[in-house]
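Note sheet for the following structure.
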Ligand SMILES: Cc1cc2nc3c(=O)[nH]c(=O)nc-3n(C[C@H](O)[C@H](O)[C@H](O)COP(=O)(O)OP(=O)(O)OC[C@H]3O[C@@H](n4cnc5c(N)ncnc54)[C@H](O)[C@@H]3O)c2cc1C
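Protein chains in written order, with our numbering: chain A, 3 to 454; chain B, 194 to 307; chain C, 38 to 273.
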């Protein structure tokens with residue numbers, strides 16, 4: 003690790019000196035100006051490009067992105083329940099291009115030559131980089147779920163976990179659920195993109211049923227896990243809002259807290275079957291919409307399976323991932339520990355205790371921008387700082403919650419500062435309502451921080 | 194005027210001048226330091242790039258006087274100013290870190306829309 | 038607070054708040070001098086101690102300062118406002134009469150949780166706090182404040198907002214110590230018609246002919262702070 007970094011460091015020092023020489027000659031992007039190529043114009047890549055230009059206007063930054071516009075996954079479950087349209091989650095790259103001077107190549111990256119430091123695209127473009135930043139998001143792994151390995155099965159049962167048309171498929175499937183129907187939602191095992199996301203979506207669907215006047219329709223969550231981020235706030239909310247019975251096996255509450263939960267005679271609008279109670283799915287029949295888990299067989303009117311996740315396909319193809327399917331990096335600079343001069347951020351990287359979230363990808367991008375600026379100038383990277391604040395809805399759009407974390411690098415690992423990170427158990431209505439207002443405010447200010 | 198008095202006065206004035214520029218310089222250095230940017234940019238996911246926000250439920254931080262920033266963070270952290278998210282987050286930062294972020298945001302002019 | 042909690046939890050199937058907050062413009066009932074006079078007559082007697090508690094449990098302090106003294110430039114100062122002013126603004130938020138942007142939207146949401154008694158209590162609490170700007174406004178006052186501009190039919194600010202910016206007898210805002218940015222924003226909102234909850238349409242009318250420079254000058258005058266420390270002139 004150490005030796006590799008030092009080696010890069012030397013290489014870069016020479017590159018930076020050359021770059022500096024050409025700037026003094028007065029050309030903005032002289033032939034030898036440092037060039038940082040970015041794969042993926044999502045949360046991580048776009049934030050990085052904007053901040054890199056802000057911190058280092060003389061550096062040339064080029065994003066290679068396969069789509070002309072970005073569809074944000076964050077907040078996209080609101081499309082499934084019809085609270086938002088696709089156009090509401092579609093974002094233009096114009097400001098990055100015109101206001102911040104970021105170059106764009108709209109094409110799919112197909113490979114890289116690490117020796118010549120060249121990125122290649124499907125359309126035949128070759129881009130030479132001094133530093134490469136990779137933020138390709140996630141890919142989906144169906145191999146471990148019997149019944150789901152055919153393209154037909156995957157077209158009938160979709161995840162909607164990467165924006166795109168699958169959101170509209172889910173919306174249509176939801177509308178087709180008959181009165182008193184059942185939706186089975188299957189969250190992925192850890193680690194995955196947006197830890198509270200599958201549960202927020204479950205709540206949104208339960209609320210959607212209520213709004214259409216459906217008294218008995220329900221969401222059943224079959225989970226390979228026994229807990230999740232914001233679980234203590236979310237489960238309490240569901241108990242209040244959706245006749246949710248707390249599973250016996252759940253360990254997140256004290257006895258007194260548990261005693262405040264209501265008990266309902268029959269299963270409510272949301273049921274959560276954690277791994278400890280047999281929630282782990284063993285087989286799915288996509289044609290008959292049945293799910294078999296350790297606890298038994300469930301017949302559904304709609305199934306939303308979010309399969310296990312891995313780093314985006316291009317990161318796997320580029321050999322940036324380890325056995326886990328995610329990309330190991332030096333957590334101070336996000337430089338790959340496998341390939342020098344290449345940085346991986348966002349969902350695809352292994353970032354210590356940081357979750358795979360938009361806020362995290364955005365925070366990592368800014369750290370990477372400052373560090374890459376230092377590295378290009380032949381300086382030591384500085385002490386990093388990272389944050390993650392994720393808001394979620396219980397279902398009803400006036401009942402919000404959050405997790406707030408600040409992280410530091412400790413012994414090379416991104417480590418969470420210990421302090422209360424959720425709303426307190428006895429939070430007031432005002433706190434839930436304000437959190438919901440802040441959630442919606444965040445969707446705007448966050449998008450602006452990345453794309454405006 | 195007595196020669197020595199002028200000398201003393203001059204020296205005193207010089208000192209005062211020196212220490213003032215020193216203060217200004219450290220404030221400026223702090224605002225420009227990459228470490229301040231490193232810390233402050235973690236706020237931008239909600240509070241806008243460099244603290245700029247137009248029309249938002251969140252507080253814009255660009256151009257906020259340093260004393261306001263420091264007081265706010267301390268009172269969020271010790272709970273004297275009840276908050277939703279800021280209470281927990283404010284606890285994460287040391288006094289020096291709060292000052293560094295304050296200097297960072299204070300260096301930017303506010304915009305009209307704030 | 039208990040009462041609110043229960044109502045909140047019982048409102049399960051009710052239309053959601055965000056939807057309620059997007060009420061149609063035609064459903065919003067604006068004040069007439071008569072309805073506002075009635076509302077004031079019906080206002081419950083406020084209890085400042087209860088108001089102080091609400092101030093903290095509803096997180097007012099989060100934006101408006103520990104006691105409502107507005108320690109920032111962006112949100113209005115609540116201390117020094119008359120009972121009638123605060124009560125009316127809270128009613129206006131609750132009834133969507135005041136909902137000019139995403140900032141006030143937050144108040145629309147908060148106000149849904151308030152009963153008239155709560156509003157009166159909060160109003161009593163803020164009215165009880167020490168007035169901002171204890172040394173008074175700068176002298177001399179700008180002529181727009183003292184004589185207005187008869188040529189443009191602008192009434193002097195002091196006529197309604199008091200010779201010392203302390204607010205009028207009725208529901209007019211106390212301007213003394215009002216944060217500069219909030220002042221400017223508000224005047225722009227009145228000028229452009231986004232904010233229109235003034236019962237007699239006075240502010241809407243007088244704001245229209247004011248220039249940006251005049252608004253900025255009035256903002257400086259009422260803000261009562263050394264502006265130099267507030268707005269450093271670095272280039273972005
Ligand atoms: C339902 C849902 C709700 C969420 N809610 C929140 C939330 O409230 N808060 C939060 O913080 N996060 C949330 N997230 C998570 C957040 O969206 C992701 O963590 C974030 O988008 C990750 O950023 P990224 O840059 O790693 O990947 P992405 O944003 O997915 O960007 C990857 C980009 O790379 C491009 N790309 C990939 N491969 C190639 C290639 N070969 N060539 C060219 N381009 C390529 C893609 O087109 C894409 O634009 C949510 C996610 C979901 C699914």
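We put the CB at the ideal spot given by N, CA and C, even for glycine. On a predicted model such as this, the values are computed, not experimentally measured, just so you know.
Inter-residue spacing [alpha-carbon to alpha-carbon] between residue i and residue j
i: residue 202(C); j: residue 413(A); result: 58 Å
i: residue 286(B); j: residue 222(A); result: 41 Å
i: residue 156(A); j: residue 187(A); result: 15 Å
i: residue 103(A); j: residue 43(A); result: 14 Å
i: residue 283(B); j: residue 55(A); result: 29 Å
i: residue 107(A); j: residue 215(C); result: 50 Å
i: residue 218(C); j: residue 112(A); result: 51 Å
i: residue 365(A); j: residue 238(B); result: 8 Å
i: residue 238(A); j: residue 358(A); result: 24 Å
i: residue 265(B); j: residue 178(C); result: 32 Å
i: residue 261(A); j: residue 184(A); result: 29 Å
i: residue 328(A); j: residue 367(A); result: 17 Å
i: residue 239(C); j: residue 135(A); result: 57 Å
i: residue 353(A); j: residue 289(B); result: 26 Å
i: residue 80(C); j: residue 157(C); result: 7 Å
i: residue 48(A); j: residue 362(A); result: 13 Å
i: residue 72(A); j: residue 312(A); result: 21 Å
i: residue 292(B); j: residue 224(C); result: 33 Å
i: residue 218(A); j: residue 241(A); result: 16 Å
i: residue 223(B); j: residue 258(B); result: 14 Å
i: residue 130(A); j: residue 122(A); result: 9 Å
i: residue 79(A); j: residue 198(C); result: 49 Å
i: residue 260(B); j: residue 274(B); result: 16 Å
Element boundaries [beta strand (DSSP E), containing residue i]
i: residue 301(A); result: 298-301
i: residue 112(A); result: 111-115
i: residue 332(A); result: 329-332
i: residue 237(C); result: Run containing residue 237(C): none; DSSP gives neither H nor E here.
i: residue 394(A); result: 388-395
i: residue 37(A); result: 37-41
i: residue 287(A); result: 283-287
i: residue 273(A); result: 272-275
i: residue 295(A); result: 292-295
i: residue 304(A); result: 304-307
i: residue 120(A); result: 120-123
First and last residue of the uninterrupted alpha helix (DSSP H) at residue i
i: residue 368(A); result: 360-378
i: residue 217(C); result: 217-229
i: residue 278(C); result: For residue 278(C) there is no data in the structure shown, the boundaries of chain C being 38 and 273.
i: residue 274(B); result: Careful: residue 274(B) lies outside any alpha helix (DSSP H) and carries neither H nor E.
i: residue 153(C); result: 153-165
i: residue 243(A); result: 233-243
Proximity test, residue i beta-carbon vs ligand 3 heavy atom, cut-off 7 Å
i: residue 349(A); result: Ligands in the displayed structure: ligand 1; ligand 3 is not one of them.
Can you give, in chain order, each stretch of the alpha helix (DSSP H) that sits fully within the stretch 115-145 of chain C and has at least 4 residues?
The stretch 115-145 of chain C contains, as complete alpha helix (DSSP H) runs of 4+ residues, the segments 120-131 (chain order).
Taking beta-carbon pairs under 8 Å, can you tell me which members of the stretch 218-239 of chain B lie near chain A?
Listed by position along the chain: 227, 228, 230, 231, 232, 234, 235, 236, 237, 238, 239.
Please name the residues in the stretch 430-441 of chain A whose beta-carbon is closer than 9 Å to at least one beta-carbon of chain B, in chain order.
Correct list: 432, 433, 436, 437, 439, 440.
Interfacial residues, the stretch 244-269 of chain B to chain A, with Cβ spacing under 7 Å
Those residues of the stretch 244-269 of chain B that come within reach of chain A (Cβ to Cβ, closer than 7 Å) are 246, 249, 250, 251.
If you scan the stretch 180-230 of chain A from start to end, which runs of the beta strand (DSSP E) of 3 or more residues do you find wholly inside it?
For the stretch 180-230 of chain A, the full-length beta strand (DSSP E) segments reaching 3 residues or more read 184-188, 220-224 along the chain.
Can you list, in chain order, the residues of the stretch 124-143 of chain C whose Cβ is nearer than 8 Å to any Cβ on chain A?
The residues in question are 139, 142, 143.
Give me the subset of the stretch 96-111 of chain C whose CB atoms are less than 9 Å from a CB atom of chain B, sorted by chain position.
Against chain B - using a Cβ distance shorter than 9 Å - the residues of the stretch 96-111 of chain C are 96, 97, 98, 99, 100, 102, 103, 108, 109, 110, 111.
According to a CB-to-CB cut-off of less than 7 Å, which residues of the stretch 387-406 of chain A neighbour chain B?
From the stretch 387-406 of chain A, only 387, 388, 389, 391, 404, 406 have a Cβ closer than 7 Å to chain B.
Closer than 8 Å between beta carbons: that is the criterion. Which residues of the stretch 215-237 of chain C meet it against chain B?
Listed by position along the chain: 218, 221, 222.
Entirely within the stretch 152-183 of chain A and at least 3 residues each: give me those beta strand (DSSP E) ranges in chain order.
Fully enclosed beta strand (DSSP E) runs of 3 or longer: not present.
Could you list the residues in the stretch 148-179 of chain C with a C-beta less than 7 Å from some C-beta on chain A, going in chain order?
Hits within the stretch, in order: 150.
Could you list the residues in the stretch 344-368 of chain A with a C-beta less than 7 Å from some C-beta on chain B, going in chain order?
Here the close residues are 361, 364, 365, 368.
Interface positions of the stretch 28-60 of chain A facing chain B (Cβ-Cβ less than 8 Å), listed along the chain:
Residues 52, 53, 56, 57.
Taking beta-carbon pairs under 9 Å, can you tell me which members of the stretch 313-338 of chain A lie near chain C?
Of all residues in the stretch 313-338 of chain A, none has a Cβ within less than 9 Å of some Cβ in chain C.
Closer than 8 Å, Cβ to Cβ, to anything on chain B: give me those residues from the stretch 409-427 of chain A, in chain order.
Hits within the stretch, in order: 419, 421, 422, 423, 425.
Under 8 Å (Cβ pairs) to chain C, residues found in the stretch 275-287 of chain B
Those would be 275, 276, 277, 279, in chain order.
List, from N- to C-terminal side, the beta strand (DSSP E) runs of 3 residues or more that fit wholly inside the stretch 36-89 of chain A.
Runs found: 37-41, 62-67.
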